[in-house]
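A.B. asks: Chains as they are written, first to last, in our numbering: chain G, 61 to 175; chain B, 1164 to 1285.
#1: CB-CB under 7 Å to residue 64 of chain G, same chain, minus the five flanking residues each way: which ones, in chain order?
#2: Let me check one thing: in DSSP terms, what residues is residue 1176 of chain B bridge-paired to?
#3: So which residues on chain G does residue 1206 of chain B lean against when the C-beta distance must stay under 8 Å?
#4: Which runs of the beta strand (DSSP E) at least 3 residues long sit entirely within the segment 93-119 of chain G? Give them in chain order.
#5: Taking 8 Å as the threshold, find out whether the segment 1239-1249 of chain B comes into contact with the segment 1176-1184 of chain B through three or more Cβ pairs.
#6: Could you check where the beta strand (DSSP E) with residue 1211 of chain B kicks off and where it finishes?
#7: Could you compute how far the alpha carbon of residue 1264 of chain B sits from the alpha carbon of residue 149 of chain G?
#8: For the beta strand (DSSP E) containing residue 165 of chain G, list its first residue and its last residue.
#9: Strictly under 8 Å for the Cβ-Cβ distance: is residue 162 of chain G near chain B by that measure?
#10: List the residues of chain G that residue 1279 of chain B touches, going by C-beta distances under 9 Å, in chain order.
#11: Express the C-alpha separation of residue 72 of chain G and residue 1165 of chain B in angstroms, rounding to a whole number.
#12: Under 8 Å between the Cβ atoms of residue 1230 of chain B and residue 1259 of chain B?
#13: So residue 1237 of chain B packs on residue 1187 of chain B, CB below 8 Å; how close in whole Å?
#14: Between the C-alpha atoms of residue 125 of chain G and residue 1228 of chain B, what's the straight-line distance to the nearest angstrom?
#15: If you drop the 5 nearest sequence neighbours on each side, which residues of the same chain put their C-beta closer than 6 Å to that of residue 1281 of chain B?
#16: Which residues does DSSP list as the beta-bridge partners of residue 1186 of chain B?
#17: Quick check on residue 145 of chain G: does DSSP put it in helix, strand or coil?
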């Protein structure tokens, strides 16, 4: 079974609009972390935002916020005021804290920002 | 953030040759390094976890004898693709972390990724 699921292979958004990228996860562990990474065409992985399973408040980092709904096991990324430079692949990932720190990635969502 | 480098950034080799990829943490000591492989338009798939001074732990389906991993110091891990074939052509990316061997709740430390190595086997 997929541990991390991103159901949107591709998304389009108009510049300056907000966009939500979906991510659901599956774990029986109580302690875990959820991450979002951006991967532009150059291939580098850029860390965007982190949410711990015990965090009660949704994480925010600048224009990025994570809509964490623990009961539904979802961790959607919201990008506000999209910019052309936001066009990239976006990966959701999970770290289960009893698994030695390794990350499991979702399939990714390719975001295209239109001018 | 912390800096991780990879060398080479890209390599083209003939089928049957071996290729070594280096992953270095430049400004911190990484107790653990991870190696991922990514095919075009696909996700990152973890190949192995490398802890300094011990044998790497490979994920299911990854051939240990084909993908040799050495983590000789706290700043360097190497991945050697032995007897490379065209199907090994991929983007290989490493990450390093200061994560303790025992998971600690609520740590926000992330893995710091290298820029990746594109391997093309002809």
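For each residue, glycine too, the CB sits at the ideal point set by N, CA and C.
It should be emphasised that the depicted structure is a prediction, and the values quoted were computed from it without experimental measurement.
C.D. replies: Working from what's here:
#1: 83, 85, 152, 153, 154, 164, 165, 166
#2: B/1284
#3: 151, 165, 166, 167, 168
#4: 106-112
#5: yes
#6: 1207-1214
#7: Note that residue 1264 of chain B has pLDDT 34, beneath the 50 cutoff, so the model's placement of it is unreliable and the number below is only indicative. Near 31 Å, if we compare the C-alpha coordinates of residue 149 of chain G and residue 1264 of chain B.
#8: 163-165
#9: yes
#10: 102, 103, 104, 105
#11: 32 Å
#12: no
#13: That belief does not hold up - the Cβ atoms of residue 1237 of chain B and residue 1187 of chain B are roughly 10 Å apart, past 8 Å.
#14: 42 Å
#15: 1173, 1254
#16: B/1169, B/1240
#17: helix
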